[in-house]
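A.B. asks:
In full-length UniProt numbering, the protein residues as written are 1 to 354.
#1: Would you list the residues sitting across from residue 221 in a DSSP beta bridge?
#2: Taking the straight line between their C-alpha atoms, what separation do you get for residue 199 and residue 163?
#3: Entirely within the stretch 26-58 and at least 3 residues each: give me those beta strand (DSSP E) ranges in chain order.
#4: Excluding the five sequence neighbours on either side, which residues of its own chain have a C-beta within less than 6 Å of the C-beta of residue 83, listed in chain order?
#5: Measuring CB to CB, does residue 73 end up less than 8 Å from residue 39?
#6: Since residue 238 contacts residue 141 with CB under 8 Å, what's their CB separation in whole angstroms?
#7: Tell me the rounded alpha-carbon separation between residue 57 and residue 261.
#8: By the DSSP assignment, the alpha helix (DSSP H) with residue 14 in it spans what residues?
#9: Relative to the alpha-carbon of residue 151, which residue among 196, 216, 108 and 129 has its alpha-carbon at the smallest distance?
#10: Nearest to residue 126 by CA position, among 266, 250, 263 and 45, is which residue?
#11: Taking 8 Å as the threshold, find out whether the stretch 128-144 comes into contact with the stretch 229-237 through three or more Cβ pairs.
#12: Which residues share a DSSP beta bridge with residue 208?
#13: Taking the alpha-carbon of residue 23 as reference, which of 30, 15, 14 and 36 has the nearest alpha-carbon?
#14: In terms of residues, what are the limits of the alpha helix (DSSP H) holding residue 197?
#15: Would you call residue 50 buried or exposed, if buried means 16 or more other Cβ atoms sit within 10 Å of its Cβ?
#16: Considering only C-alpha positions, which residue in the set 143, 221 and 169 is nearest to residue 105?
#17: Where DSSP assigns a beta bridge to residue 106, which residues make up the other side?
#18: Compare the C-alpha of residue 103 against each of 33, 269, 244 and 47 and name the closest.
#19: Figure out for me which residue from 70, 245 and 75 has the closest Cα to the Cα of residue 128.
#20: So what does DSSP say about residue 24, is it helix, strand or coil?
#21: Go ahead and label residue 271 buried or exposed: buried means 16 or more other beta carbons lie within 10 angstroms of its beta carbon, across all protein chains shown.
#22: The beta strand (DSSP E) spanning residue 73 covers which residue range?
#23: Name the two residues that bound the continuous alpha helix (DSSP H) containing residue 439.
#24: Apart from the five residues just before and just after residue 117, which ones in its own chain have a Cβ nearer than 8 Å to its Cβ?
#25: Under the assumption that residue 223 contacts residue 253 (Cβ atoms under 8 Å), give the Cβ distance between them as a whole number of angstroms.
#26: Take the Cβ of residue 109 as the centre, count every other Cβ of all protein chains shown within 10 Å, and call the residue buried at 16 or more, exposed below.
#27: For the putative contact between residue 92 and residue 122, defined by C-beta atoms under 8 Å, what is the C-beta separation to the nearest angstrom?
#28: DSSP three-state call for residue 355: helix, strand or coil?
#29: Classify residue 266 as buried or exposed, calling it buried when 16 or more other Cβ atoms lie within 10 Å of its own Cβ.
#30: Give the single residue among 190, 269 and 227 whose Cα lies nearest to the Cα of residue 77.
#31: Please check the pair residue 61 and residue 281, which I expect to be a contact at CB under 8 Å, by giving their CB distance rounded to whole angstroms.
#32: Going by C-alpha to C-alpha distance, which of 33, 229, 97 and 90 sits closest to residue 52?
#33: Can you look up residue 188 in the DSSP assignment and give me helix, strand or coil?
#34: Identify whether residue 137 lies in helix, strand or coil by the three-state DSSP scheme.
#35: Closer than 6 Å by C-beta to residue 251: which residues in its own chain qualify, once you throw out the five before and the five after it? Chain order, please.
#36: What's the C-alpha gap between residue 19 and residue 241?
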């Protein structure tokens, strides 16, 4: 598989994304959080939590699409936490630092499990869940990794090899193959401690308990072809939440947010509108001309427009021409640019459903 995490091998839309959307970094205690935060700060955020092989970057297609419609999207890297209790505490501190009291969470694979664990123990903070290709308990993963006690002494290349064995190797259709290549490229950016901590979260034996909100606030979005999460674990999740909405993608593999972004983004919009989150498309025009996008900590005016934050980690730089920046800033409903057919179809379906 060829890596697509950076450089010339990256798809064009990802290169554009990196030139416009800065990756933020914040240290909270001993934990370093890496995240993207974009969209009107007055809109309750959708927090995207990736799986064991993912980074904040894997949701770039959701960020680009949803924020331009007036939603706020926060995509995170899971920091180096080593058990579920530490995850709950650290994620809560992260939200506190962002001055965010309530969230809607989109979690895939391990990220979906972590989302449920957080919702169980911090029920007042989680307003709804979108769960994709995920599970309720980690016992089978723990049984499949008897060498977990020595994970901290395992070389990085062996950890990467073990992690990637869960991703089905080809042949794939082109879009699914591209999604696999992209995630493999992201895995290459992870440190040994990043890999070790994620593997430990995946084998830390635990089960999701009862959630305090009704099933109607949950959407289960699964691919119908294959994923690293077994069908048995998916069925177990469906049985736990019988009143949840179902969103089935016929194909998409392990990473439908990359291989089937139009369908995933449509389902996310349907979910958010159903749970009462209304986009503020009129605020999209406030996108800064220099392409920066500040975090909620930097927003001083209550969130009525995007700020001029210069926070950056080196990925932003001077990438993107003036034409590109103007184009990104005009991707609201008032844009004169032709709208892709898939976007028109999605908007039509939304209007019909809503």
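Ideal Cβ positions, reconstructed from N, Cα and C, are used throughout, including at glycine.
In this text, all values refer to a predicted model and were calculated from it rather than measured experimentally.
C.D. replies: Answer, in terms of the structure:
#1: The residue you call residue 221 lines up with position 221 of the chain shown. Answer is 132 and 247, bridged to residue 221.
#2: Along the chain shown, one-based indexing puts residue 199 at 199. Along the chain shown, one-based indexing puts residue 163 at 163. Whole-angstrom Cα-Cα distance: 8 Å.
#3: 31-38 and 46-49
#4: On the chain shown, residue 83 is found 83 positions in, with the first residue counted as 1. Cβ within range, chain order: 204.
#5: Stepping through the chain shown from its first residue, residue 73 is reached at position 73. Stepping through the chain shown from its first residue, residue 39 is reached at position 39. Yes. Within cutoff.
#6: Counted from its first residue, the chain shown places residue 238 at position 238. Counted from its first residue, the chain shown places residue 141 at position 141. Not really, about 19 Å apart at Cβ, beyond 8 Å.
#7: Along the chain shown, read from residue 1 onward, the residue named residue 57 stands at position 57. Along the chain shown, read from residue 1 onward, the residue named residue 261 stands at position 261. Going from the Cα of residue 57 to the Cα of residue 261 covers about 14 Å.
#8: Taking the first residue of the chain shown as 1, we reach residue 14 at position 14. From DSSP, the alpha helix (DSSP H) with residue 14 extends over 12-20.
#9: Position 151 of the chain shown holds residue 151. Here the closest residue by C-alpha is 196.
#10: Locating residue 126 in the chain shown gives position 126, counting from the first residue. Considering only alpha carbons, the answer is 45.
#11: yes
#12: Here the question's residue 208 lines up with position 208 in the chain shown. In the DSSP output, where bridge partners are listed per residue, residue 208 has none listed.
#13: Counting from 1 along the chain shown, the entry for residue 23 is found at position 23. Ranking 30, 15, 14 and 36 by Cα distance to residue 23 puts 36 first.
#14: As a first step, residue 197 is located in the chain shown; it is residue number 197 there, counting from the start. From DSSP, the alpha helix (DSSP H) with residue 197 extends over 192-203.
#15: Stepping through the chain shown from its first residue, residue 50 is reached at position 50. Classification for residue 50: buried.
#16: Walking along the chain shown from the start, residue 105 turns up at place 105. Closest option to residue 105, Cα to Cα, is 221.
#17: For this step, residue 106 is matched to residue 106 along the chain shown. Paired residue(s): 48 and 130.
#18: Taking the first residue of the chain shown as 1, we reach residue 103 at position 103. The shortest C-alpha separation from residue 103 is found at 47.
#19: By 1-based counting over the chain shown, the position of residue 128 is 128. Of the candidates 70, 245 and 75, the one whose C-alpha sits nearest the C-alpha of residue 128 is 245.
#20: Here residue 24 is taken as the residue at index 24 of the chain shown, counted from 1. Reduced to three states, the DSSP call for residue 24 is strand.
#21: Here residue 271 corresponds to residue number 271 of the chain shown, with the count starting at 1. Classification of residue 271: buried, given that the 10 Å Cβ count is 16 or more.
#22: Here residue 73 is taken as the residue at index 73 of the chain shown, counted from 1. Run containing residue 73: 73-76, per the beta strand (DSSP E) assignment.
#23: What is shown of the chain runs 1 to 354, which leaves residue 439 out entirely.
#24: If you number the chain shown from 1, residue 117 lands on position 117. Contacts found: 84, 87, 88, 206 and 208.
#25: Within the chain shown, the letter at position 223 stands for residue 223. Within the chain shown, the letter at position 253 stands for residue 253. The Cβ separation is near 6 Å, so the contact holds.
#26: Counting from one through the chain shown, the residue named residue 109 turns up at place 109. Residue 109 should be labelled buried.
#27: In the chain shown, residue 92 corresponds to position 92, counting from 1. In the chain shown, residue 122 corresponds to position 122, counting from 1. Correct: roughly 6 Å between the Cβ atoms.
#28: Nothing about residue 355 can be reported from this structure: the residues present for the chain run from 1 to 354 only.
#29: As a position in the chain shown, residue 266 is number 266, starting the count at 1. Flag for residue 266 reads buried.
#30: In the chain shown, the residue the question calls residue 77 occupies position 77. Of 190, 269 and 227, the residue nearest in Cα terms is 190.
#31: Here residue 61 refers to the residue found at position 61 when the chain shown is read from its first residue. Here residue 281 refers to the residue found at position 281 when the chain shown is read from its first residue. About 19 Å; that fails the 8 Å criterion.
#32: Counted from its first residue, the chain shown places residue 52 at position 52. If we check each option's Cα against that of residue 52, 229 comes out closest.
#33: To locate residue 188, count along the chain shown from 1; it is residue 188. In the structure shown, residue 188 sits in coil (DSSP, three-state: anything other than H, G, I, E or B).
#34: The residue labelled residue 137 in the question sits at position 137 within the chain shown. Strand, per DSSP.
#35: As a first step, residue 251 is located in the chain shown; it is residue number 251 there, counting from the start. Here the set comprises 225.
#36: As a working note, residue 19 is residue 19 in the chain shown. As a working note, residue 241 is residue 241 in the chain shown. Looking at the two C-alpha atoms, the distance is approximately 40 Å.
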